[in-house]
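Numbering follows the working numbering, with no gaps: position 86 of the sequence shown is 88. C-beta: ideal position from N, C-alpha, C; glycine also.
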Amino acid sequence: MSLLPILNAHGADVRDVLEGLSRRHGFALQGLENVAVQEVNDAFTEGDLQTRLQQLLQRYNYVVVSGDARRIERVVIIGAKSAAPTAAPDNAVR
């Protein structure tokens, strides 16, 4: 697992950073329109590509498709994670 050099992405839009990683590492990126405008925070500093994708997409449901030698070929962003359903109060009408 090789670490990527530190990427100066603090304050950049998450979508721009994802597009940059896609170009740099040669994987296809689908569903970018499902990502809200959001700035990259300080937690995104270094790590392997998988770790960086996890950090950037922690609020989203997504699929990573890997090929030979576990090389990432495609990332599909499905949409934002929704809050877990809450239980109805005991006095709720059923």
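Local conformation of residue i per DSSP, three classes
i	result
L20	helix
R76	strand
Distance between residue j and residue i (C-alpha atoms, nearest Å)
i	j	result
A38	V77	16 Å
L31	R72	17 Å
D70	L51	16 Å
Per DSSP, cross-strand counterpart(s) of residue i
i	result
D82	Per the sequence shown, residue 82 should be read as Ala rather than Asp. In DSSP, A82 forms a bridge with Y62.
Continuous beta strand (DSSP E) assignments of at least 3 residues falling wholly in the segment 28-69: 30-32, 62-68
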